[in-house]
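Position in the sequence shown (first residue = 1) + 1 = this note's numbering.
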Amino acid sequence: MTLNEKLNSLGLKAMSPAPTKRQVEWLQREKSIFFHFGMNTFTNMEWGDGTESPSIFNPGQLDCRQWIRTISDAGFKAAILTAKHHDGFCLWPSKYTEHSIKNSPYKNGQGDIVKEFTGACAEFGVKAGIYLSPWDRHEKTWSTADYDDFYVGQLTELLTNYGKIWEVWWDGSQSRNITYDWKRYTDTIHTLQPDAVIFGSLGAEPYVEARWVGNESGFAGNPCWSTIDSESIIKEATSELNSGKVDGNRFLPAEADVSIRPGWFYHTEQDSEVRDVKNLLRLWFLSCGRNASLLLNLPPDRRGLVHENDAESLIEFNRVLEASLSIDFAKGAKATADSIRDISCNAENLLSDDRNEFYASEDSCKTPEIIFTLDGEKTFNTFVLEEVIELGHRVTGFEVGAEIGGEWQLLFKGECIGYRSAQHFPTVTTSKVKIKITDALYAPVLRKFSLHKFDESLLLEKEYALSDENILDSTTAKITREGNEFDLHLGGIIPFNLITIEAPECKKIDISLYNGFDFEPCNATVTYKDSLIKAEFEKPIGWCYRIRIILADDCANYDDVKLGVYLK
């Protein structure tokens, strides 16, 4: 019996909004790789301006098989290539522009990296995706009506000449006030590649199937609902993109994009700044563990290879992750629940590896309690819990506890389960574990529960890595002032929980945070001591890249004001 047949036989129906078949398949990929490779690799830039000469593009040892073999060995199931970034340079010989690989020295102008990439993906069983930037700084028709023909032409080339494409990635950069024919683009994709999921935002909202998580640091909100309001996508409201909305009107799961290095493109000077295993594990828990998909950027170097440092870190991360998840301390347990819809969906099903099996409570019980009596005392520090996401979000509150010394001890309390909730906590030893659903929209339908033990030295005690460094000291940060108003650009969406202002004689300040389309008042505790003002947040702010500070008119000298933004 298929999953849908079993659900239907038990009267379990998806409540709108719920995922489409394409979205379910996308969620099952869990983590993907982004390959940022192109003209910027050779100019040492992040954003090119489209005036670069194709003559400088010449990766002498390019080997897409090495790329895909590396990520396949590291357990990644899908990969997306920047076929065209904002500079307009194409990694395939597009007939619509001269700014392409056909006019480069690579293989004497006969090369086609998109073909090499998709061919390698097919060979290693990795699902290929394409990033085709709507913003094109080289193409003269960009921002005019004629650009739609140009873009559809390039899109058609990519979706007809390179086999199966599983995702099309639309970057919203510089496109907030530009009119594109998104419907025409979408019709082209669905006609030529009906299984391809579309990622995007802004004006593309009616057609996209996966959303940006609201930052480029790789972490989802807590909670992170797959449901969200359309307006949040249109406005690209970073705070709402990060957490979603439990009663949102669209099902658009979040994709958490982040680079394994500080930059998105390869830079030699960053060879020593590759994320280590501990950092990558943290990202996995903050994305995949929070009902989001992880999109990890792995930028090939100027040789055309994944750098040895990146490959080593990625493969070791996967080794640790798989080794830790391969041992399930819940196996062999006895599971009982205080509400069972039918014997065919009892609590024992939560321990099965068959994804067509599940546990469901009666409609009259939205807050069931499930107890697992383990096969003896077990020591662990992580659980993984999944809903049958095909039905949409049902659970809106849950707790996981363990019986310690005859009393129940809370291990974790959360709101969203979704496709997956993976959480770590201080290591415990016990023979009994409990799941308590504390709130739900409908009768809960859970798919899987497991218990694991990770090396404690690799798990961060806190959600974010704390630092004494002032974020504003970064080379990418910028401060501007007009009168008594300071505009702080952090250089990206970087978590912070403390703002300091050294302002002699200032007795009043106003702080607001940019949410992607507007400034909103901040909810911080502000203290004044002599000339030092502190604004402290109860939880780190992880969705903001601009801060506005307005000082009272009585401040002695605005030029003497010193500002700090920290995560302490």
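Note that CB positions come from ideal geometry on N, CA and C, so glycine has one too.
- Glu274 has its alpha-carbon roughly 41 Å from the corresponding atom of Lys509.
- With contact defined as three or more Cβ pairs closer than 8 Å, the segment 428-441 and the segment 365-373 are in contact.
- Secondary structure of Ala525 (DSSP, three-state): coil.
- Every unbroken stretch of the alpha helix (DSSP H) spanning 4 or more residues and falling wholly within the segment 81-148 is given here in chain order: 114-125.
- Counting the other Cβ atoms within 10 Å of the Cβ of Glu457 gives fewer than 16, which makes it exposed.
- For the pair of segments examined, the segment 105-118 was found to touch the segment 44-60: the number of CB pairs separated by less than 8 Å reaches three.
- Residue state for Tyr515 is assigned as strand, using DSSP reduced to three classes.
- Of the residues Asp172, Thr189, Trp170, the one whose Cα lies closest to the Cα of Asp150 is Thr189.
- A Cβ-Cβ contact shorter than 9 Å links Ile494 with Asn216.
- Less than 9 Å separates the beta-carbon of Lys184 from that of Pro207.
- Check the Cα spacing between Lys379 and each of Pro300, Asp339, Ser451: the tightest is with Ser451.
- Among the bridge pairs identified by DSSP, Lys184 is matched with none.
- The DSSP-derived three-state label of Lys509 is coil.
- Annotated three-state conformation of Glu470 is coil, per DSSP.
- Every beta strand (DSSP E) stretch that sits fully inside the segment 240-326 and reaches 3 residues is listed by chain position as 255-260, 294-298.
- Taking all protein chains in view, the Cβ of Glu416 is crowded by 16 or more other Cβ atoms within 10 Å, so the residue is classified as buried.
- Arg482 is not a Cβ neighbour of Ala441, given a cutoff of 9 Å.
- For Leu28, the enclosing alpha helix (DSSP H) has its first and last residue at 22-30.
- DSSP, reduced to helix, strand and coil, places Ile405 within a strand of the structure shown.
- Leu351 is a Cβ neighbour of Lys449, given a cutoff of 9 Å.
- Distance from the CA of Ile480 to the CA of Ile500, rounded to the nearest whole angstrom, comes to 14 Å.
- The residues Glu31, Lys32, Leu295, Arg421, Ala423, in chain order, have a CB closer than 7 Å to that of Cys289 in the same chain once the five nearest residues on each side in sequence are set aside.
- By the C-beta density criterion, Ala221 is buried, having at least 16 other C-beta atoms within 10 angstroms.
- Here Thr157 is near Leu193, since their CB atoms are less than 9 Å apart.
- Annotation for Asp74: the continuous alpha helix (DSSP H) segment containing it runs 65-74.
- Per DSSP, Asn558 lies in no beta strand (DSSP E) and is assigned neither H nor E.
- Following the DSSP letters along the chain, one finds Asn382 inside the beta strand (DSSP E) bounded by residues 370-388.
- In the DSSP assignment, Leu568 falls outside any beta strand (DSSP E) and carries neither an H nor an E.
- Tyr148 and Asp469 have their C-alpha atoms spaced approximately 47 Å apart.
- Annotation: Ser101 to Pro301 spans about 18 Å, alpha carbon to alpha carbon.
- Under the criterion of beta carbons closer than 8 Å, Ala293 and Ala255 qualify as touching, at roughly 4 Å.
- By the C-beta density criterion, Lys14 is exposed, having fewer than 16 other C-beta atoms within 10 angstroms.
- In the structure shown, Phe413 falls within a strand segment according to DSSP collapsed to helix, strand and coil.
- A distance below 8 Å between beta-carbons, with the five flanking residues on each side excluded, links Phe413 to the following residues of its chain, in chain order: Phe384, Glu400, Val401, Gln424, Phe426.
- For Glu26, the closest alpha carbon among the candidates Lys128, Glu6, Leu386 is that of Lys128.
- Of the candidates Thr71, Cys545, Ser233, the residue whose Cα lies closest to the Cα of Leu315 is Thr71.
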